[in-house]
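For the protein sequence lines, the chains are A and B, in the order given. For the first sequence, my numbering puts the final residue at 257, and the numbers step up evenly by one. For the second sequence, my numbering puts the final residue at 1257, and the numbers step up evenly by one. Quick notes on the structure that follows.
Number of protein chains: 2
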Amino acid sequence: MGTRQLHTVGEVASLAGVTVRTLHHYDRIGLLVPSGRSESGYRLYAYADLERLREIRLLRELGFGLDAIGRLLDVAAYDRRSALVAQRDLLVERLERTQRIIRGVDRALKATAEGKEMDETEMFEGLEEFDHTRYEAEVEQRWGDSEAYKESKRRTSGYGKADWTRIKKEGDAVFARLAELLARGARADGREAMDLAEEHRRHIDRWFYPCSPGLHRQVAALYTADPRFEAYFEKHGSGLAGYVQEAIRANEVRSTS
Amino acid sequence: MGTRQLHTVGEVASLAGVTVRTLHHYDRIGLLVPSGRSESGYRLYAYADLERLREIRLLRELGFGLDAIGRLLDVAAYDRRSALVAQRDLLVERLERTQRIIRGVDRALKATAEGKEMDETEMFEGLEEFDHTRYEAEVEQRWGDSEAYKESKRRTSGYGKADWTRIKKEGDAVFARLAELLARGARADGREAMDLAEEHRRHIDRWFYPCSPGLHRQVAALYTADPRFEAYFEKHGSGLAGYVQEAIRANEVRSTS
DNA sequence: GTAGGGCCTAACGTCGCGTCAGGGTCAAGA
DNA sequence: TCTTGACCCTGACGCGACGTTAGGCCCTAC
């Protein structure tokens, strides 16, 4: 560790393909503080700093905000391996999304060739900024080729647009009520919050896939990590993402005791 | 055409997975002006508007700025088919970039498993914000599986980091001198500018692939279209991208006459 | 006829840097 | 030894692409 040379900002910048200003910025906000300084105040980056920078750039490329990245890397520090695996999963997901978009372009090509118009509902496949029901289906896809996933796929494939709207509405209602609780200052491990967490679990269990309290907690962990989820949550009240996660965890404890 | 229903902002927003505010914004800056308004001033979007929105969102997903998108779509309006094909190419390029990043993560996984450190120069593969020599090699990759491409690949694979630095410096020098000309107010179709364009062509021809004036012009067309190129150019003087393109075009005319 | 959801414009806020401005540092050559 | 040019530092303002109120009109539904 650290056997290799230290680098100045400029060197790191050209290595990583970012500007010096970017590194200054990351330092200022505490996201990437170089592990050393020279006598004259020059920033000095060690190998570990480069590793961290790589992960920062990777997550930014995937659209995460800098504060979310900070939290993710703090969590990731405990287990490098599974953090890397998680990053891999996110990348593979993007691969698939990109392929969906390509198929959309192919459909557009076919449509223009035939002089027809495309189906408006499938025009934007893969391009939606964040449709959280659709995403929820993808989330547990990451949980592997589990029976749960296949079951989910089997069920959701039968839903029409109207079903999706209704299901989404039902899910949103739960979050809205949790937001109220949060605003009222109710505790996340209080009975009301736990009841709503349980309701959410059953919602998933019913419409998507069998969802045990344990799996539910794992899914909830993603809520605070993913920027698209987070943007959605924070709209409904600052700190809601973490609040929901706590409530779900509390509900799991309750259900297993 | 236009046989289908008109949509309000909210409908379009949920179809495309963007916010109403985003549509307002696109309208304000003239990027996507709905083709109609109701009596009461409501925006009304027709099918053609949705198509345009799809392309806007696709290009944004790929990192283009809104003004660049506007220009691209203006150009694209002449030939829908080749515009779609170009979009497809960009997406495939991203697919490949994502795969390179994944391979990087795999290397990181291997390194941590073995307790080693990664090679610093290959840590950021696929993550660089814009290395323009490397990009230049990719640009003509889009020109198909031409002999030129294979030749380029054969040549560039032999270059080391030092070579790249030198080649990049050489290329930058040409642009710097063009920027001077632009600042001095020299004409893009003047002798000096054309000479520099010719120098640039030979630069590519020597280090990358056989580059005729015609191919050179086609590559130059990408300069004004791609955000990464553009960012690079504008740093060296406002309007440089367009200036370079003009000079190259003028040089082509000169060389064929 | 009024309540609730959707639409309008206007205008300020935010995030991730880009871009000066003003000034030390350092290795190389005259 | 002195100077020159490349690189580093810390502010601090600017910008693109929206997010987010704020204040008010429209419209369907009970």
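By construction, the Cβ of each residue, glycine as well, lies at the ideal position given by its N, Cα and C atoms.
Unbroken alpha helix (DSSP H) run spanning residue i, endpoints
i: H1025 of chain B; result: V1020 to R1028
i: S212 of chain A; result: That residue, S212 of chain A, is in no alpha helix (DSSP H); it is neither H nor E in DSSP.
i: A1250 of chain B; result: L1240 to T1256
Contacts that residue i makes with chain A (C-beta to C-beta distance below 8 Å)
i: I1101 of chain B; result: L58, E61 and L91
i: V1105 of chain B; result: L58, L84, Q87, R88 and L91
i: R1043 of chain B; result: The premise fails here: R1043 of chain B is roughly 16 Å from chain A at the closest Cβ pair, so nothing lies under 8 Å.
i: Y1026 of chain B; result: Correct list: empty, because the minimum Cβ distance to chain A is about 14 Å.
i: R1054 of chain B; result: G104, A108, M123, F124 and L127
DSSP beta-bridge partners of residue i
i: E1006 of chain B; result: In the sequence as presented, Glu is not what sits at residue 1006 of chain B; that position holds Leu. According to DSSP, L1006 of chain B bridges with nothing at all.
i: R37 of chain A; result: A:R43
Candidates the options, of which the one nearest residue i by Cα
i: E1122 of chain B; options: A:T8, A:F175 and A:S14; result: A:S14
i: F64 of chain A; options: A:R80, A:C211 and A:Q87; result: A:Q87
i: S1038 of chain B; options: B:Y1243, B:R1071 and B:V1009; result: B:V1009
i: M1194 of chain B; options: B:L1006, B:Q1245 and B:A1183; result: B:Q1245
i: A1046 of chain B; options: A:E11, A:E120 and A:A46; result: A:E120
i: S1255 of chain B; options: B:D1205, B:E1198 and B:Y1026; result: B:E1198
i: I248 of chain A; options: A:R201, A:I102, A:R206 and A:D205; result: A:R201
i: Y42 of chain A; options: A:L23, A:C211 and A:G70; result: A:L23
i: Q1005 of chain B; options: A:L178, A:R28 and A:E117; result: A:E117
i: V12 of chain A; options: A:G30, A:L196, A:R57 and A:L90; result: A:R57
i: D89 of chain A; options: B:R1103, B:A1068, B:V1020 and B:H1007; result: B:R1103
i: I69 of chain A; options: A:L32, A:E114, A:V20 and A:H216; result: A:L32
i: E1093 of chain B; options: B:H1007, B:C1211 and B:L1062; result: B:L1062
i: Y1243 of chain B; options: B:D1205, B:S1212 and B:G1185; result: B:G1185
i: H1007 of chain B; options: B:V1018, B:L1095, B:T1019 and B:L1050; result: B:L1050
i: L66 of chain A; options: A:R28, A:S40 and A:L44; result: A:R28
i: P213 of chain A; options: A:R187, A:S257 and A:R177; result: A:S257
i: E128 of chain A; options: B:E1192, B:L1095, B:L1178 and B:R1060; result: B:R1060
i: E192 of chain A; options: A:L178, A:D205, A:I204 and A:H203; result: A:L178
Beta-carbon separation (whole angstroms), residue i vs residue j, contact threshold 8 Å
i: S35 of chain A; j: A16 of chain A; result: With a Cβ gap of about 16 Å, S35 of chain A and A16 of chain A do not count as contacting.
i: L84 of chain A; j: T1112 of chain B; result: 7 Å
i: R1052 of chain B; j: L1073 of chain B; result: 7 Å
i: G126 of chain A; j: L182 of chain A; result: Not confirmed; about 33 Å, so no contact.
i: F1175 of chain B; j: R54 of chain A; result: Not quite, the Cβ-Cβ distance comes to about 29 Å (not below 8 Å), so this is no contact.
i: D1189 of chain B; j: A1250 of chain B; result: 4 Å
i: R1081 of chain B; j: L109 of chain A; result: 7 Å
i: E180 of chain A; j: R217 of chain A; result: Actually they do not touch by this definition, with Cβ atoms about 23 Å apart.
i: V1105 of chain B; j: L91 of chain A; result: 7 Å
Per-residue contacts from residue i into chain A (C-beta, under 9 Å)
i: D1016 of chain B; result: Reading off the sequence shown, one finds Ala at residue 1016 of chain B, where the question assumed Asp. By Cβ distance, chain A contributes M123, F124, L127, E128 and E129.
i: R1081 of chain B; result: L109, T112 and A113
Partner residues on chain B for residue i, Cβ-Cβ distance less than 7 Å
i: L50 of chain A; result: E1120 and M1123
Chain-ordered neighbours of residue i on chain B, where CB pairs are closer than 8 Å
i: T98 of chain A; result: L1091, R1094, L1095 and T1098
Cross-chain neighbours of residue i in chain A, by beta carbon under 7 Å
i: R1254 of chain B; result: What R1254 of chain B touches in chain A: nothing, since even the nearest Cβ is about 36 Å away.
i: A1108 of chain B; result: L84
i: Y1047 of chain B; result: E117
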